[in-house]
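Okay, so here's the structure we're looking at.
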Amino acid sequence: MACQRGALIVLEGVDRAGKTTQCKMLVQALQKSGRPAEAMRFPDRTTTIGQLISAYLEKKSELEDHTVHLLFSANRWELVPTMKKKLEQGITLVVDRYAFSGAAFTSAKPGFSLEWCMKPDVGLPKPDLVMFLQLSPAEAALRGQFGVERYETRVFQNAVQQKFELLMKDSSVNWQVQDGLGCRVSPFIVSFKARRKN
Ligand code: TMP
Ligand code: MG
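Residue numbering for the sequence shown follows our numbering, starting at 1195 and increasing by one per position.
Next comes the structure, spelled out in C-alpha cells:
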C-alpha cells in the first residue's frame, strides 16, 4: 500500500522558548489525530558526535568555534538516513531545532558570516514547516535553569534572536511565528494542515 510521506516540522527559537514542551504536545496531538508522529531533537546528544557537543555545551570541554559548528552539522547529517526512512514510512517528524539554530548560534559569534554558517547544512531534508517560538530573551532568562549551559546569557541570546530574524526573511522556507508566551498546539496543526502540499 502506498503511504503518504510524513511531514518534517521544525521548532526553532532562543533557549527556553518552550520548544521541547511544544514538540511533545505536538507529537501527542498528531498521534491522537491518527497521524504517526515522532519527536527528534538536535543536537542529538546520544551519538558519539553528540557527546562531544554535549560536553562542550556543558562547559566540560573546549572546542574551536568552526570545529563545533561543523560537529553540530555532522550531527544532523548522521541522522539523515534515519529521518528519510521515517518520513518515507509516513511518520511525521517534529524536530526540536535544526540547521537554523546552527546558523543563528554560530553567526552570533564574532567573525562568522551567516552565509558561511549555512553552508555545511546545504542539502539536508527541507522542512515542510518551521515554527519559530517568539519569546524575548529577557523573558526566556526568567525561565528555569537559564545560565547553566554555554550560550545561555542574555547578551548572546539577543544576538541569536537577531540572527533568527535575518533567517526568517528567507521566503523559500515556510516560517511561521508563534508567540512563545501561552502558545497552544492546535494552531500549529491547523496551519500545518492548511499548508501541507502532498
Ligand atoms: P538544546 O538546549 O536544545 O539541547 O540545544 C543546545 C544548545 O546548542 C542551544 O544553546 C543551541 C545550540 N545549538 C547550536 O549552537 N548549534 C546547533 O546546530 C544546534 C542544533 C544547537
Ligand atoms: Mg538548552
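Heads up, the beta-carbon is just placed ideally off N, CA and C, and yes, glycines get one too.
Relative to the ligand MG, Asp1209 has its C-beta within less than 6 Å of a heavy atom.
The alpha-carbon separation between Gly1317 and Arg1337 amounts to approximately 35 Å. Put simply, the backbone Cα of Lys1226 is about 46 Å away from that of Gly1305. For Leu1202, the enclosing beta strand (DSSP E) covers residues Leu1202 to Glu1206.
Here Arg1235 carries a strand assignment [DSSP, helix/strand/coil]. Taking the C-beta atoms as reference points, Leu1323 is found nearer than 7 Å to Asn1368. Gln1351: not part of any beta strand (DSSP E); member of the alpha helix (DSSP H) spanning Arg1348 to Leu1361, first to last residue. Note that the C-beta distance between Asp1315 and Ser1267 is below 7 Å. Our two residues, Ala1334 and Arg1229, have alpha carbons roughly 32 Å apart in a direct line. Annotation: Gly1244 to Ser1307 spans about 24 Å, alpha carbon to alpha carbon. Between the segment 1339-1346 and the segment 1273-1283, the count of C-beta pairs closer than 8 Å stays below three; the two stretches do not touch. Here the distance from the Cβ of Phe1350 to the nearest heavy atom of the ligand TMP is not below 6 Å.
One Cα belongs to Ala1233, the other to Leu1287, and the distance between them is close to 6 Å.
Partner residues in the beta bridge of Thr1286, as assigned by DSSP, are Ala1231. Here DSSP, grouped into helix, strand and coil, assigns Asp1259 to helix.
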